[in-house]
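Heads up: the protein sequence lines correspond to chains A and B, in order.
Note that this note's numbering gives residue 221 to position 221 of the first sequence, counting from 1, and the numbers run on in steps of one.
If you count the second sequence from 1, you need to add 314 to reach this note's numbering.
Accompanying notes for the structure given below.
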Amino acid sequence: MRMNAIEIKDLSKKFIISHEKRTTLFEYISSFIKRKYSYEEIWALRDINLKVKQGECLGIIGPNGSGKTTLLRVLANVLQPTTGKVIVNGKIMPLIELGLGFHSELTGKENVYLYGSILGLSKKEIKDKINKIFGFAQIEKYVDAKLKNYSSGMIMRLGFATSIFTNPDILLVDEVLSVGDTSFQRKSLDKMKEFKEKGKTIVFVSHSLLQIKLVCDRAILLNHGGIEKQGKTDTVVDYYEGKVYLEDGKWIKEELKRKRNELSILKEKDKIMQVKEDIFELSESLVRLIRSATEETKDPKLKRKLIGELKEAL
Amino acid sequence: MRIQKFLGRYIKHKNLILNLVSSELKLKYKSSILGFFWTLLEPLFIIVVLLFVFSNLFKSDIPNYPAYLIIGFVAWGFFSNGTSILDILVSKADLIKRIHFPRELLVICACIINFIDSIFEFLILIIILFLFMGINISWSLLYVPLIMLIQFFFIVGFSLLLSSLYVFFRDVKHIWNVLLQIGFFATPIIYPSSLLIGKLSFMLILNPMAHFINIYRSTIIYGKVPALNGILILCLFSITIIFVGWAVFKKLEPKFGEEV
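Written out as structure tokens, the structure reads:
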């Protein structure tokens, strides 16, 4: 029986966004006296229950604002849960938006020493690994150059390399791969697979469904802070893609309707031509959408539903 | 046992403390030509100016007035510069929002850097007083580092308190600047402590900085070994403020990730 690397029980996270900014004491007191609190409660995460086994790779997908980053930050122990519990077994390492905590006036090497020690490495460990880190980041030549002379891609790669060489038990990956070029992305994905083979746990957030499919065994779909769907990666990704197809289809449907209405009113010849062209293009993209939806969706029930809805739009 | 565990945590982070301090020091002097020498030159110039102004322009009945005054200035500077780093947590927001590590280390390291600066200031101060003011070098000077260490903990306590409050109320900075100004004049730095008698004597007794400065003066100017109960009083002040600062910091820490 493998142990759970991560165990999340009834986790909810509430953010209080005050409309009038209350960061000064005076504002705080005045709003307290007036008894007028103008704020909004946002539940970034709602009743999340999740277990991630050791050696498993969990993918997290979902639209913007669905709570993916918040979930990672709670796991990284940077945010405290409002309710519920998070149990983490092992050393956890976030790879969230790298390149932070770097000083532009210091050299690359000095930065790695500083960043590595923030991530919990000892001096000896960093010394042993520094060549590998710069090698992985492909910037061996610039070890002693000041960081301000690095390109943003180089800084990002250096950050990724440093964190990955801290040898964590659990790796949290948030969108970092989208910043690098394709060759570095491949290299990073390979490194993540290597990680998995060593029996380490990965939680991977990405908008690239392909990357999720390549690395993850299991996935969850977050929506409005809740888990909408979880299961095998293919099933969840299919479901999500289907949803996206449907939404795209709906949008095209609306757009087509609007253009058709426009067409019935218009009188000028060249404008009519223009709108007709638009309609043609929209229909074409709808057809393309149907084709890819039928090709890529494996679940027959979902497939039928998708095709039905999309054809109706035509 | 608890203390052992507590200290063990910091020994584990020894490398982080070392790197934070050394990289800040490197940054401080990296782009200047004289580099590290500024640590010595800056206090040297300031002390020489003060010495010139107060030994020629202002006269006082206090014996050794320039020495008396400059010691007060330097000791006060140690405190006021040390506690002015209260925005350290907010300025490292990027780090705090992303990675979990003991956040108090940021505050402690900023205090250590200030401590190092002050050590050089005191060193220069003592050398100048020896060369120009006829102050004797005596064994009692060995107590100065001890008192500085106690004052360092005093400053760490204040910094923990202020920096964690600053995350939530940005007014703290302005309020603290005003309080520092008031404190400067409420402490016998430019005037003799004998002015604070009768009704005002509470200002002397309850003001920790007055205690620190008095002990510095009697040790450096008169070569007196500080009395044990004097040192115990300093320790009491430091321990109290460390406990308060620590408690407030730990209470507020879980919310740092959202508020910085």
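By construction, the Cβ of each residue, glycine as well, lies at the ideal position given by its N, Cα and C atoms.
Anyone know if the C-beta pair for isoleucine 555 of chain B and phenylalanine 468 of chain B falls short of 8 Å? Yes, Cβ-Cβ distance for isoleucine 555 of chain B and phenylalanine 468 of chain B is below 8 Å.
I'd like to know if the stretch 399 to 414 of chain B and the stretch 323 to 342 of chain B are in contact, where contact means that at least 3 CB-CB pairs between them fall below 8 Å. Judged by pairs of C-beta atoms under 8 Å, the stretch 399 to 414 of chain B does not touch the stretch 323 to 342 of chain B, as fewer than three such pairs exist.
Examine chain B for any beta-carbon lying closer than 8 Å to the beta-carbon of isoleucine 118 of chain A, and answer yes or no. yes
Minimum Cβ-Cβ distance from arginine 412 of chain B to chain A less than 8 Å: yes
Going by alpha carbons, who is nearest to tryptophan 453 of chain B out of B/Thr501, B/Pro522, B/Lys326, B/Ile535? B/Ile535
Please go through the same chain and pick out, in chain order, the residues whose beta-carbon is closer than 8 Å to the beta-carbon of asparagine 548 of chain B, but skip the five residues on each side of it. First, the amino acid is wrong: residue 548 of chain B is leucine here, not asparagine. Correct list, in chain order: Ile461, Ile464, Gln465, Phe468, Pro522, His525, Phe526, Ile529.
Is the Cβ of phenylalanine 26 of chain A closer than 8 Å to any Cβ of chain B? yes
Identity of the residue in A/Leu71, A/Ile118, A/Tyr39 nearest leucine 330 of chain B by Cα: A/Ile118
From the DSSP output, in three-state form, read off leucine 510 of chain B for me. coil
Is the shortest distance between the beta-carbon of arginine 73 of chain A and the beta-carbons of chain B less than 8 Å? yes
Beta-carbon separation of tyrosine 261 of chain B and phenylalanine 387 of chain B under 8 Å? Any answer about residue 261 of chain B is impossible in this case: the structure gives chain B only from 315 up to 574.
Hey, is the stretch 105 to 123 of chain A in contact with the stretch 75 to 90 of chain A, meaning 3+ C-beta pairs nearer than 8 Å? no
I'd like to know whether the C-beta of serine 405 of chain B is nearer than 8 Å to at least one C-beta of chain A. no
Go ahead and label leucine 306 of chain A buried or exposed: buried means 16 or more other beta carbons lie within 10 angstroms of its beta carbon, across all protein chains shown. buried
Closer than 8 Å at the beta carbon, the chain B residues around serine 122 of chain A: Asn329
Give the residues of chain B in contact with glutamate 41 of chain A, contact being defined as C-beta atoms less than 8 Å apart. Within chain B, no residue comes near glutamate 41 of chain A; the closest Cβ sits about 13 Å away, beyond 8 Å.
Cα separation between tyrosine 343 of chain B and threonine 397 of chain B? 21 Å
Outcome for arginine 531 of chain B when other beta-carbon atoms lying within 10 angstroms are tallied against a minimum of 16: buried
Using the beta-carbon of each residue, which ones in chain B are nearer than 9 Å to leucine 105 of chain A? Note that residue 105 of chain A corresponds to glutamate in the displayed sequence, not to leucine. Those within 9 Å of glutamate 105 of chain A in chain B are Lys340, Leu341, Lys344, Ser345.
Provide the residue(s) that pair with glycine 231 of chain A in DSSP beta bridges, ordered along the chain. A/Ala219
Ignore the nearest five residues each way along the sequence and tell me which others in tryptophan 560 of chain B's own chain have a CB closer than 7 Å to its CB. Leu474
Name the residues in the stretch 78 to 93 of chain A whose C-beta lies less than 7 Å from a C-beta of chain B; which are they? Val78, Leu79, Gln80
Name the chain B residues that come within less than 8 Å of leucine 171 of chain A, Cβ to Cβ? Within 8 Å Cβ-Cβ: nothing; leucine 171 of chain A doesn't reach chain B, min ~13 Å.
Just to make sure I have the definition right: I need the residues of chain B whose C-beta is within less than 7 Å of the C-beta of tyrosine 113 of chain A. Which are they? Asn333
Put alanine 76 of chain A into one of helix, strand or coil per three-state DSSP. coil
Just tell me which of B/Lys538, B/Val562, B/Val363 has its CA closest to the CA of valine 458 of chain B. B/Lys538
Reducing DSSP to helix, strand and coil, say where lysine 198 of chain A ends up. coil
If you reduce the DSSP assignment to three classes, tell me which class methionine 93 of chain A lands in. strand
Interface residues of the stretch 274 to 305 of chain A facing chain B [CB-CB below 9 Å]: none
Give the interface partners of glutamate 110 of chain A over in chain B, defined as CB-CB distance under 8 Å, in chain order. Under the 8 Å cutoff, chain B gives Ser337, Lys340.
Residues of its chain near lysine 191 of chain A, where Cβ-Cβ distance is below 8 Å and the 5 sequence neighbours each way are ignored: Phe136, Ile164.
Completely contained alpha helix (DSSP H) runs for the stretch 412 to 473 of chain B, where each covers 4 or more residues: 418 to 446
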